[in-house]
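Enquirer: Got a structure for you, written out below as structure tokens; questions coming shortly.
Numbering (the numbering used here), first residue to last: 192 to 375.
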């Protein structure tokens, strides 16, 4: 789905119009939630680091998966500060393995594509609609419950989609063998 399709689906499901910038923010929030669980993982290498010196995290750093030292051993005593710096426990070389922040959707372009796998696009719409119910529930318990149910459905959908994607990666391959080659 692209931005225009999500906008149409959102307006159809809620019956409400929405500011394009607000919808783009909701889409980006949903993409970050998906990336926290199933985002793109990359590596950043730091060479000849000094103890006590802070090194800037990559601009697209969402969350740290692991840090390894020059001997490829897992390192647990690094420190990440709120200002986006990482401090290593000893001198040497390190590798930071982290999840990236998805690229934001362009609110001015209806053809703008999301930065998560297509299997997650339906869940993004679910997230946006759940946020609409959350904003418009006015403290009514039934509507708050509906918002909670829809948000739980969002997380269930992304887990289910990720499971399907994993199954595709390890699916069986079938080869057609001509009867002559089989000896029949």
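Backbone N, C-alpha and C fix where the C-beta goes; we use that ideal spot for every residue, glycine too.
1. Give me the Cα-Cα distance between residue 213 and residue 272, rounded to the nearest whole angstrom.
2. Out of 300, 336, 221, 216, point me to the one whose CA is closest to residue 195's CA.
3. Per DSSP, which residues does residue 255 bridge with? Please list them.
4. Per DSSP, residue 240 is paired with what?
5. If you compare alpha carbons, which of 205, 288, 312 is closest to residue 326?
6. Tell me where the beta strand (DSSP E) around residue 269 begins and ends.
7. What did DSSP end up calling residue 298 once you bin it into helix, strand or coil?
8. Between the beta-carbon of residue 265 and the beta-carbon of residue 277, is there less than 8 Å?
9. Do residue 247 and residue 275 come within 8 Å of each other at the CB atom, strictly closer than that value?
10. Does DSSP classify residue 306 as helix, strand or coil?
Expert: Reading it off the structure:
1. Along the chain shown, one-based indexing puts residue 213 at 22. Along the chain shown, one-based indexing puts residue 272 at 81. Roughly 30 Å between the two C-alpha positions.
2. On the chain shown, residue 195 is found 4 positions in, with the first residue counted as 1. Comparing Cα positions, the closest option is 300.
3. As a working note, residue 255 is residue 64 in the chain shown. Residue 255 pairs with 289.
4. Here residue 240 refers to the residue found at position 49 of the chain shown. Note: residue 240 sits in a beta bridge opposite 283.
5. Residue numbering aside, residue 326 sits at position 135 when the chain shown is read from its first letter. Of the candidates 205, 288, 312, the one whose C-alpha sits nearest the C-alpha of residue 326 is 205.
6. Your numbering for residue 269 matches position 78 in the chain shown. No beta strand (DSSP E) contains residue 269, which DSSP labels as neither H nor E.
7. Numbered from its first residue, the chain shown carries residue 298 at position 107. Coil.
8. Mapped onto the chain shown, residue 265 falls at position 74. Mapped onto the chain shown, residue 277 falls at position 86. No, Cβ-Cβ distance for residue 265 and residue 277 is not below 8 Å.
9. Indexing the chain shown from 1 puts residue 275 at position 84. Indexing the chain shown from 1 puts residue 247 at position 56. Yes, the Cβ-Cβ distance between residue 275 and residue 247 is below 8 Å.
10. Within the chain shown, the letter at position 115 stands for residue 306. Residue 306: coil per DSSP, three-state reduction.
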